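What follows is a short report on a single structure.
4 protein chains.
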Amino acid sequence: MLTCDVKIRVWYKHTDQMGFVHHSNYICYYEEARSAFMREYGVSYARMEAEGVLMPILHIESDYRRPAFYDDELTVRVLIREVPRVRFTVDYEVYNSQGELLNTGRTTLGFLRKESMRPCRAPQWFADLIRANGGEE
Amino acid sequence: MLTCDVKIRVWYKHTDQMGFVHHSNYICYYEEARSAFMREYGVSYARMEAEGVLMPILHIESDYRRPAFYDDELTVRVLIREVPRVRFTVDYEVYNSQGELLNTGRTTLGFLRKESMRPCRAPQWFADLIRANGGEE
Amino acid sequence: MLTCDVKIRVWYKHTDQMGFVHHSNYICYYEEARSAFMREYGVSYARMEAEGVLMPILHIESDYRRPAFYDDELTVRVLIREVPRVRFTVDYEVYNSQGELLNTGRTTLGFLRKESMRPCRAPQWFADLIRANGGEE
Amino acid sequence: MLTCDVKIRVWYKHTDQMGFVHHSNYICYYEEARSAFMREYGVSYARMEAEGVLMPILHIESDYRRPAFYDDELTVRVLIREVPRVRFTVDYEVYNSQGELLNTGRTTLGFLRKESMRPCRAPQWFADLIRANGGEE
Chain A
1132 MLTCDVKIRV WYKHTDQMGF VHHSNYICYY EEARSAFMRE YGVSYARMEA EGVLMPILHI
1192 ESDYRRPAFY DDELTVRVLI REVPRVRFTV DYEVYNSQGE LLNTGRTTLG FLRKESMRPC
1252 RAPQWFADLI RANGGEE
Chain B
1132 MLTCDVKIRV WYKHTDQMGF VHHSNYICYY EEARSAFMRE YGVSYARMEA EGVLMPILHI
1192 ESDYRRPAFY DDELTVRVLI REVPRVRFTV DYEVYNSQGE LLNTGRTTLG FLRKESMRPC
1252 RAPQWFADLI RANGGEE
Chain C
1132 MLTCDVKIRV WYKHTDQMGF VHHSNYICYY EEARSAFMRE YGVSYARMEA EGVLMPILHI
1192 ESDYRRPAFY DDELTVRVLI REVPRVRFTV DYEVYNSQGE LLNTGRTTLG FLRKESMRPC
1252 RAPQWFADLI RANGGEE
Chain D
1132 MLTCDVKIRV WYKHTDQMGF VHHSNYICYY EEARSAFMRE YGVSYARMEA EGVLMPILHI
1192 ESDYRRPAFY DDELTVRVLI REVPRVRFTV DYEVYNSQGE LLNTGRTTLG FLRKESMRPC
1252 RAPQWFADLI RANGGEE
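Line order of the protein sequences matches chains A, B, C and D. Per the working numbering, the first sequence starts with residue 1132, numbered consecutively. Per the working numbering, the second sequence starts with residue 1132, numbered consecutively. Per the working numbering, the third sequence starts with residue 1132, numbered consecutively. Per the working numbering, the fourth sequence starts with residue 1132, numbered consecutively.
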C-alpha cells in the first residue's frame, strides 16, 4: 500500500454558518491531496491531461466524525491499495493538528480518452508509478 | 415515500477545466434540493437553526454516470423513505433536461442541539411533516 | 440602458461562519445574472463559446452595504449602458426580498478568440442585441 | 509599508471550462493571504473573532491581466500601507512561478462588534501590529 500525508489549511471561505468546514470541501481536499501526492512522486495530473487522458470521478463517499474549523492545518492521508487498470480507487483519512480523525473517504476515478471521450486504461507510466511504490495487482 | 423534484441551474462557476460540472457541486445541489423541498412543504431549514437545532452531515455518497454542463437545467429528485429519529437519510437522482440520469446520491444527517453541541432527536414538527407526507416508521 | 432583474436564491453553501453570505459569492451572482439575462433575451453564453469566443473577466469591483443570509431570495438587477465593442461593462444592484440594496458592483469583460487566444471584437449578433434593447454607442 | 509574500497553490476545483482559474477565486486567494500574513506575524484572525470582532468586507476590486492555471504555485503579495482605524485596506499583487504579474487587487474591511453588530475601531493590538511593522498613520 502506498500512503502519502498532505497538509491542507482550512480557508475562511470553507466555513459555513454552522461555524464548521462545509462538508463539500472535503471532496475538494481529497482532490487536492491527490494532486499533492502526484507532485510528491514527481509526476503531475496536468501531464495526464496534456497526454489526452481525463480522470472523471465515478464514485465518492465520505464519513464525517468531527468538525474542522477555520485556520486548522489538516493532514489528509492518501491511501492507495491497488495498481489502477480502468479504475483508480483512493482512500482518505483527514486529521486535525491534534491528531483527531475527522473524516474518512473514498473516491473512484475512471480514465477517459479526451479526444474520443471513451473510457481507456490507466497510462502505463501511472500504473508503473503505483506498482513501484507498493500498489498491489 | 416522499418525493420532490427541484430545478437547479448549472452556473459557469460550477464547471471545471474538463468542461463538466465539478463533482463537488453535486453535494451542494443535494443540499439546495433539501432546502427547496422544505420550502415546498412550507417549512424552512432556517427555522430549524433558529430553534437551536443544527443538522450536520454524517455521511455522503455519490455515483456519477454522465456529466452535466454549463447552463443545463437539472432536476434533482429528492426521495425520503423514513421518518427521521436521530438520523435523516435522503436519496437523490439528478437528471438533465433530456431526462437522462446523471447522478445518484445519498446523504445522512444528524441532529445536534446548538447550545450543547450534543446529538438530539429530530424536532417533532419535522418528523410529523415527513410522516404526514408518506415517510415510513 | 438595458436592465434585467434576475432572482437568485442564497444556498447554505454560500454562507460563512460570520453567518452572512461570503463576499466572493456576489462575484458568482453577477456571473449567473449575466447568464440569466442572456437566456431572457433568447441567446446564450454557451453559444458564444461554441462560436469560439471566450469572455474573460478584466475587472471587477463590488461594494457591500448590508449582508445577505441563507435562503434569501435576492434580486440581481443587471444594467448595461453601452453597446460592447472590445469591452463589455455591466453594472449590478443586489436587493433582498425586503427591497433593501445590499450590494452594487461592476464587471468588465473582454472578448478573446479561443483558437488564437487573442483579443477580438464583440460578435456582431451580441452587439446588435444590446443595441436593439437600449444600449448606447 | 508592510509587505508579506504568501504562496498559494491552484486547485483543480478553482478552474473553469475556459481552462483558467475562475475569477472569483482571486477574492478567496486575497482572503487566505490575509490569514497567512496574520499567522506570519504571530497573530490570527480567529483570535479577532474570539474577541468578538468581525471584519466584514466593504469593498473589493480586482484587475485581471493574465490567467492562472491548475497546479500553478502563485505568490500573493500582501501590501498594507496604513494603520487601520475604522477601515483596513490591503492591496494585492498575484504572480505566477515565472514571476509574471497576473492580477492586482484591493480589499477594504470594516470592524464590527459581534454582540451589537455595530461598527467599531480596529482592536488596539491589531493597529499596533501594523504600526510596528511599517504601517503609516
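No residue lacks a Cβ here, since even glycine has one placed at the ideal position from N, Cα and C. Since the model is a prediction, treat every value here as computed from it, not as a measurement.
The DSSP assignment places complete alpha helix (DSSP H) segments of no fewer than 4 residues inside the segment 1192–1267 of chain D at 1255–1263, in order along the chain. Along the segment 1141–1165 of chain B, the positions whose C-beta sits under 8 Å from a C-beta of chain C are 1142, 1143, 1144, 1159, 1162, 1163, read in chain order. With the rule of 3 Cβ pairs closer than 8 Å, the segment 1156–1168 of chain D does not count as touching the segment 1149–1164 of chain B. For residue 1246 of chain D, the CB contacts under 7 Å within the same chain, skipping 5 residues up- and downstream, are 1183 in chain order. Assignment of residue 1153 of chain C by DSSP, reduced to helix, strand and coil, places it in the coil class. Taking the C-beta atoms as reference points, residue 1170 of chain A is found no nearer than 8 Å to residue 1214 of chain A. At a cut-off of 8 Å between beta carbons, residue 1195 of chain D contacts chain C. By the beta-carbon neighbour count (other beta carbons within 10 angstroms, threshold 16), residue 1193 of chain D is buried. No Cβ-Cβ contact shorter than 8 Å links residue 1209 of chain B with residue 1226 of chain B. Chain-ordered, the chain A residues with CB closer than 9 Å to the CB of residue 1175 of chain D read 1202.
Not a single C-beta of chain C is nearer than 8 Å to the C-beta of residue 1210 of chain D. Inter-residue distance for residue 1211 of chain C and residue 1133 of chain C is about 5 Å (C-alpha atoms, whole angstroms). Rounded to the nearest whole angstrom, the CA to CA distance from residue 1190 of chain D to residue 1252 of chain B is 43 Å. Looking at A/1258, A/1195, A/1197, the one whose alpha-carbon comes closest to that of residue 1217 of chain A is A/1258.
Proximity to residue 1186 of chain C across C/1266, C/1264, C/1239 peaks at C/1239, based on C-alpha coordinates.
Looking at D/1167, D/1220, D/1250, D/1139, the one whose alpha-carbon comes closest to that of residue 1199 of chain D is D/1139. One finds 1149, 1151, 1154, 1195, 1198 in chain D with Cβ atoms closer than 9 Å to the Cβ of residue 1187 of chain C, taken in chain order.
For residue 1138 of chain D, the enclosing beta strand (DSSP E) starts and ends at 1133–1140. Put simply, the backbone Cα of residue 1176 of chain C is about 12 Å away from that of residue 1148 of chain D. The C-alpha of residue 1260 of chain C is placed about 13 Å away from the C-alpha of residue 1179 of chain C. Taking the C-beta atoms as reference points, residue 1158 of chain C is found no nearer than 8 Å to residue 1195 of chain D.
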